[in-house]
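Below: one structure, written as structure tokens.
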Amino acid sequence: VGGGAAGCPLAARLSERASVRVLLIEAGTDYPPGQEPPEILDIFAATAYADARFVWSGLKAAYGPKPGNEPDRRRRVRYPAGRVIGGGSSINGMASNRGLPSDYDAWAAAGATGWDWSGVLPFFKKLETDSDFDGPLHGKDGPIRLQRYASERWPGFTRGVMKAVEDSGWHNIADQNARFEDGFFPVAYCHTDTMRMGAAWRYLTAEVRRRPNLKVLGGPRVDRLVFDGLRCTGVRVRSPDGERDISAREVIVSSGALHSPMLLMRSGIGAAHELRAHGIAVVADRRGVGKRLMEHPGVNFGCFLKRPARLPAALRRQMFAGLRWSSGLEGCPPGDMYVIPTNKAQWHAIGHRLGIIMMWVNRSFSTGEIRLTGSDAGAPPDIDFNMCSDERDMVRLVKGVKLLAKLQAHPAVQDNVEEVFPISFSAYAQKLAMYSRWNALQTFAGAQAMDASSAVRRAIIRAMIADAPSVDDLVNDEETCRAWIRSAVLGHYHASCTCRMGRSDDPLAVTDASARVYGVVGLRVADASIMPSVPCANTNLPTIMIGEKVAATVLNGS
131 VGGGAAGCPL AARLSERASV RVLLIEAGTD YPPGQEPPEI LDIFAATAYA
181 DARFVWSGLK AAYGPKPGNE PDRRRRVRYP AGRVIGGGSS INGMASNRGL
231 PSDYDAWAAA GATGWDWSGV LPFFKKLETD SDFDGPLHGK DGPIRLQRYA
281 SERWPGFTRG VMKAVEDSGW HNIADQNARF EDGFFPVAYC HTDTMRMGAA
331 WRYLTAEVRR RPNLKVLGGP RVDRLVFDGL RCTGVRVRSP DGERDISARE
381 VIVSSGALHS PMLLMRSGIG AAHELRAHGI AVVADRRGVG KRLMEHPGVN
431 FGCFLKRPAR LPAALRRQMF AGLRWSSGLE GCPPGDMYVI PTNKAQWHAI
481 GHRLGIIMMW VNRSFSTGEI RLTGSDAGAP PDIDFNMCSD ERDMVRLVKG
531 VKLLAKLQAH PAVQDNVEEV FPISFSAYAQ KLAMYSRWNA LQTFAGAQAM
581 DASSAVRRAI IRAMIADAPS VDDLVNDEET CRAWIRSAVL GHYHASCTCR
631 MGRSDDPLAV TDASARVYGV VGLRVADASI MPSVPCANTN LPTIMIGEKV
681 AATVLNGS
């Protein structure tokens with residue numbers, strides 16, 4: 131259930147065995163090989179998720195910490211989750227980093243036996259063809275092709291930021307997936323110079339789709355799981371033709387960290403008192419379903435770029451290099467922080483003139499939750515990331531803001547920018563981020579005015595994305611900095627951990643180390659939701675790895 135970054139590898143690998151019959155159900159449109167729209171092939175990271183055709187409508191999330199006993203006045207921000215074959219891998223930024231060995235050793239320590247670094251490495255290698263590096267930590271014949279941009283190809287703004295990083299004492303470690311110390315590097319991406327390498331068209335190739343034991347069903351939505359007592363016997367599917375039940379010996383839910391727990395809860399698996407409050411009959415009382423939602427909390431500095439520093443027409447990709455660094459905060463693992471400049475902020479003309487220095491907590495501790503708003507499948511979830519609720523995350527973000535201030539003041543950055551400002555996206559900026567002809571016209575006119583007049587430029591920046599304190603205010607007053615972080619903190623579409631793996635005696639664990647759901651039979655979950663904690667990585671590659679590893683587990687009879 132779900133043809134995303136985990137579901138596509140699952141379907142492809144399971145159907146390699148001729149005796150296994152596989153049905154892959156994807157709520158979004160299925161685009162067979164050669165029929166993909168250009169928008170989801172595009173390697174500019176913001177193209178597909180700005181298009182309403184490829185995402186779930188109505189999803190909004192609260193990011194900052196819960197207000198305690200005060201009324202909840204936090205803003206809800208659009209959260210684009212892929213509703214298309216390939217799921218998130220068809221709309222995301224395509225960054226392909228694994229994280230650190232310590233991430234997976236921590237998973238095993240939390241009860242996910244066999245998911246330590248030595249247990250997951252074979253599947254990271256199995257999924258990839260690394261075009262730049264070889265050796266015992268890399269794969270050379272997997273479906274997902276990885277490539278990087280050499281420093282000679284980095285645009286002016288990116289070069290300036292990375293020069294500031296280097297002068298601050300960090301070195302180029304070249305390969306973030308095989309060298310695990312702090313340093314900067316060209317980021318690995320799953321695309322060529324012209325085309326995305328999403329899970330759908332790398333795993334569900336024309337040859338794979340010709341297998342008689344595999345069927346891909348695009349369009350219908352799975353409303354709920356069907357049970358006979360405690361045994362999951364199939365799914366109830368809704369399409370324009372009506373409802374029908376589809377039977378299966380085993381069901382694997384791969385609908386992502388937002389929708390997998392929602393499907394389980396609608397089907398009677400979750401905290402019993404919450405299910406009963408929505409009139410849902412309880413099949414299994416698992417109070418961890420939807421809880422411990424994790425992400426990478428971060429804040430951004432925006433930069434109005436001088437013309438030579440902007441993304442040249444010859445390059446479509448806008449992010450090229452990143453920095454992994456350690457906060458040194460007690461109890462936090464090395465490599466727990468991340469910085470990456472982007473040489474173009476959005477698809478539109480104003481976005482072309484803006485660069486961003488993004489900074490986030492790479493190994494966070496704050497947790498939120500996903501709650502039902504109704505028992506009907508059409509009711510959107512209440513998504514609450516509750517970021518910075520753990521003081522360790524707030525302390526590190528304050529530390530990161532000081533690093534951003536240091537980097538932006540470096541001459542190599544200042545030579546490429548007109549001005550730098552902390553970002554606090556307005557509702558209007560969020561509307562402009564959605565692709566439409568009207569938004570294209572508005573931003574084109576605004577961009578011309580910004581180039582022509584510094585006063586107009588500052589007014590537009592202030593109205594759209596920088597209604598916030600100055601950089602100096604943030605550095606010199608910690609409470610001002612904390613208040614800005616609480617209001618401006620955002621995630622990076624790395625939702626995870628809402629059906630996490632754990633020991634059988636862990637009351638918040640939802641699945642065992644074989645991805646089987648506790649308390650029922652014939653049901654597994656395989657996607658980012660089963661991560662025990664969010665890794666120090668963009669979650670695309672780890673999620674594909676999960677699909678590979680769970681498929682092998684199923685075929686091995688575990």
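For the sequence shown, my numbering begins at 131 and goes up steadily by one. Glycine residues also receive a C-beta, built at the ideal position from the N, C-alpha and C atoms.
| Query | Result |
| --- | --- |
| When the distance is taken between beta carbons, is alanine 180 closer than 8 Å to alanine 387? | no |
| Give me the Cα-Cα distance between asparagine 473 and arginine 437, rounded to the nearest whole angstrom. | 12 Å |
| If you drop the 5 nearest sequence neighbours on each side, which residues of the same chain put their C-beta closer than 8 Å to that of asparagine 411? | Strictly speaking, residue 411 in this sequence is alanine, with asparagine absent from that position. Here the set comprises Gly398, Leu405. |
| Could you check where the beta strand (DSSP E) with serine 281 kicks off and where it finishes? | Looking at the DSSP string, serine 281 is not in any beta strand (DSSP E), and its letter there is neither H nor E. |
| Assuming alanine 535 is part of the alpha helix (DSSP H), what are its boundary residues? | 521–539 |
| According to DSSP, is proline 442 part of a helix, a strand, or is it coil? | coil |
| For threonine 641, which of helix, strand or coil comes out of DSSP? | strand |
| Would you give the residue range spanned by the alpha helix (DSSP H) that aspartate 603 belongs to? | 601–606 |
| Near glutamate 156, which residues of its chain fall below 6 Å by C-beta distance, leaving aside the five closest residues on each side in sequence? | Gly133, Ile215, Gly348 |
| Over what stretch of residues does the beta strand (DSSP E) that includes cysteine 362 continue unbroken? | 361–369 |
| Take lysine 293 and list the residues in its own chain whose beta-carbon comes closer than 6 Å to its own, dropping the five residues that flank it on each side. | Ala542 |
| Nearest-angstrom Cα distance between arginine 206 and alanine 191? | 5 Å |
| Could you give the C-beta distance for phenylalanine 515 and glycine 504, rounded to a whole number, given that I count them as a contact under 8 Å? | The Cβ separation is near 21 Å, so there is no contact. |
| Can you say whether histidine 403 is buried or exposed, counting buried as having 16 or more other CB atoms within 10 angstroms of its CB? | exposed |
| Using the Cβ count rule (16 or more neighbours within 10 Å means buried), how would you classify tyrosine 558? | exposed |
| What does a CB cutoff of less than 6 Å around isoleucine 430 pick up in its chain, not counting 5 residues either side in sequence? | Inspection of the sequence shows that residue 430 is occupied by asparagine rather than by isoleucine. Cβ neighbours of asparagine 430 beyond the five flanking positions: Ile486, Met488, Ile553. |
| Beta-carbon separation of aspartate 264 and glutamine 277 under 8 Å? | no |
| Please report the straight-line C-alpha distance between serine 566 and glycine 418, rounded to a whole angstrom. | 40 Å |
| Considering only the alpha carbon of each residue, which of Val605, Thr363, Val352, Glu337 lies closest to glutamate 373? | Val352 |
| Taking C-beta to C-beta, are cysteine 362 and leucine 653 nearer than 8 Å? | yes |
| For the candidate residues Pro168, Ala148, Asp603, whose alpha-carbon lies nearest to that of arginine 340? | Ala148 |
| Does the Cβ-Cβ distance between histidine 482 and arginine 446 come in under 8 Å? | no |
| Grouping DSSP H, G and I as helix and E and B as strand, with all else coil, what is glutamate 337? | helix |
| The beta strand (DSSP E) with threonine 573 in it runs from where to where? | Careful: threonine 573 lies outside any beta strand (DSSP E), inside the alpha helix (DSSP H) at 567–582. |
| Any idea which residues DSSP pairs alanine 596 with across the strands? | Ser554 |
| Do you know how far the Cα of alanine 401 is from the Cα of proline 637? | 10 Å |
| By how many angstroms is the C-alpha of phenylalanine 555 removed from the C-alpha of threonine 573? | 15 Å |
| Going by Cα to Cα distance, which pick from Ser519, Arg646, Val655 is closest to lysine 196? | Ser519 |
| Give the straight-line distance between the Cα atoms of serine 187 and arginine 208, rounded to the nearest whole angstrom. | 9 Å |
| Looking at C-alpha atoms only, which residue of Asn199, Val150, Ser220, Phe174 is the closest neighbour of arginine 183? | Ser220 |
| Where DSSP assigns a beta bridge to tryptophan 455, which residues make up the other side? | Met467 |
| According to DSSP, which residues form a beta bridge with threonine 87? | Because the chain here runs from 131 to 688, residue 87 falls outside it and cannot be looked at. |
| Going straight from the alpha carbon of arginine 454 to that of cysteine 433, what length do you get? | 21 Å |
| How would you write the range of the alpha helix (DSSP H) that lysine 436 sits in, first residue to last? | No alpha helix (DSSP H) holds lysine 436; DSSP gives it neither H nor E. |
| Can you have a look at leucine 533 and say buried or exposed, based on whether 16 or more other CB atoms are within 10 angstroms of its CB? | buried |
| In chain order, what residues of the same chain have a beta carbon less than 7 Å from the beta carbon of threonine 673, not counting five sequence neighbours either side? | Ala135, Ala136, Asp657, Ala658 |
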